[in-house]
Ligand SMILES: Cc1ncc(COP(=O)(O)O)c(C=O)c1O
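Below is the structure:
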């Protein structure tokens, strides 16, 4: 929907830092001329080139990036300063910390990480950015049509909305977004610190861009992954298998994961390492 609604002049900038932004750029190519600002494919999405080296097009309709690459565990923690409208995929970022939305023209996030269940996508957009942008599209494909109808242009996924409402209440009860940020930072740091001093586990992402919520790691000994996963399951630690496109392991420590869960994972990892 982004390139269809918002690329009026037919040029759009995409920063590729992992699987999701790469996919977004490929999809956008159906609708506009995509300018790749920088592409981390060559370093296997472990680092992001310095901003001064980016090939930014100041005439672009917008600049698109993904704040947290869920599969590769690469996160851009600072706000980007670009001269074109800024669009961000915050599917695994929204509600993990306070965000100054004034830095953006459009933010979107699928709910299924930190906001509830699949079936709901939250879009936060500047009204003047989306208004009257895509008169050629049928209303259901237009951001302004959804906004003008208070997100009830078609039948709403009421259960997904309801669950998100409960999650927002839960976040407030926990102390709000600052508390979420502190907790996510602390949980991920604990795991990175353990991985970095270990001989068996590695996380290849440059420290500046390590994600607060998705921590991929690999084992330095071949053919141990299945055993690791089976033993982890037996210890009550589930869903540690990395995304099918990259393999290895991935610990996703979204808002709802307490620090005790990370501590339990680390103690299991230590035990597994000591047995090798
Ligand atoms: C950052 C990011 N963007 C986009 C998506 C795609 O979401 P959906 O499957 O709801 O289209 C995901 C899903 O995991 C994601 O993590």
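Residue numbers (our numbering): 1 to 276.
Even glycine gets a Cβ: it sits at the ideal position worked out from N, Cα and C.
Quiz prompt | Sequence-distant residues of the same chain with beta carbon closer than 6 Å to residue 255, five excluded per side | solution = When the five nearest sequence neighbours on each side are left out, the beta carbons in the same chain lying within less than 6 Å of the beta carbon of residue 255 are those of 114, 180, in order along the chain.
Quiz item: Based on the DSSP secondary-structure assignment, which residues constitute the bridge partners of residue 214?
Solution: Within the DSSP secondary-structure output, residue 214 pairs in a beta bridge with 252.
Quiz item: Any chance the CB of residue 212 is under 7 Å from a heavy atom of ligand 1?
Solution: Outside the cutoff, so no.
Quiz item: With C-beta atoms as the reference, is residue 66 less than 8 Å away from residue 171?
Solution: No, they are not a contact pair.
Practice problem: Inspect the beta-carbon positions of residue 5 and residue 130 and report whether they are closer than 8 Å. | Solution: Cβ atoms of residue 5 and residue 130: closer than 8 Å.
Practice problem: Could you tell me which of 9, 1, 273 sits nearest to residue 202, measuring between CA atoms? | Solution: Nearest of 9, 1, 273 to residue 202, Cα basis: 273.
Exercise. Consider the C-beta atom of residue 236 and the heavy atoms of ligand 1; say whether any pair is separated by less than 7 Å.
Key: Flag unset: Cβ of residue 236 not near ligand 1.
Quiz item: Can you tell which of 197, 227, 192 has the C-alpha that lies nearest to the C-alpha of residue 277?
Solution: Coverage of the chain is limited to positions 1 through 276, which leaves residue 277 absent and any answer about it impossible.
Practice problem: Report whether the distance from the Cβ of residue 112 to the nearest heavy atom of ligand 1 is below 7 Å. | Solution: At least one heavy atom of ligand 1 is nearer than 7 Å to the Cβ of residue 112, so yes.
Quiz item: So is the beta-carbon of residue 245 under 7 Å away from any non-hydrogen atom of ligand 1?
Solution: Flag unset: Cβ of residue 245 not near ligand 1.
Quiz item: If you draw a straight line from the alpha carbon of residue 140 to that of residue 221, how long is it in whole angstroms?
Solution: When rounded, the distance between both Cα atoms is 51 Å.
Quiz item: How many Å lie between residue 25 and residue 14 at the Cα?
Solution: Looking at the backbone, the Cα of residue 25 and that of residue 14 are separated by about 6 Å.
Quiz prompt | Bridge partners - residue 110, DSSP secondary structure assignment | solution = DSSP, once it has assigned bridges, lists 121 as partnering residue 110.
Quiz prompt | Ranges of the alpha helix (DSSP H) found wholly within the stretch 158-246, counting only runs of at least 4 | solution = Within the stretch 158-246, the complete alpha helix (DSSP H) runs of at least 4 residues are 158-174, 176-197, 225-234.
Exercise. From the DSSP output, read off the bridge partner residues of residue 16.
Key: Answer by DSSP bridge pairing, in chain order: 39.
Quiz item: Where do the ends of the beta strand (DSSP E) carrying residue 87 lie?
Solution: Where residue 87 is concerned, the enclosing beta strand (DSSP E) stretches over 86-89.
Self-check item: Minimum length 4: unbroken alpha helix (DSSP H) runs contained in the stretch 126-160
Solution: With a minimum length of 4 residues, the continuous alpha helix (DSSP H) runs that stay inside the stretch 126-160 are 127-130, 143-148.
Quiz item: Leaving out five residues before and five after residue 154 in sequence, what residues of the same chain have Cβ atoms less than 8 Å from its Cβ?
Solution: The residues are 140.
Practice problem: Flag residue 118 as yes when its Cβ comes closer than 7 Å to any non-hydrogen atom of ligand 1, and as no otherwise. | Solution: Residue 118 Cβ: within cutoff of ligand 1.
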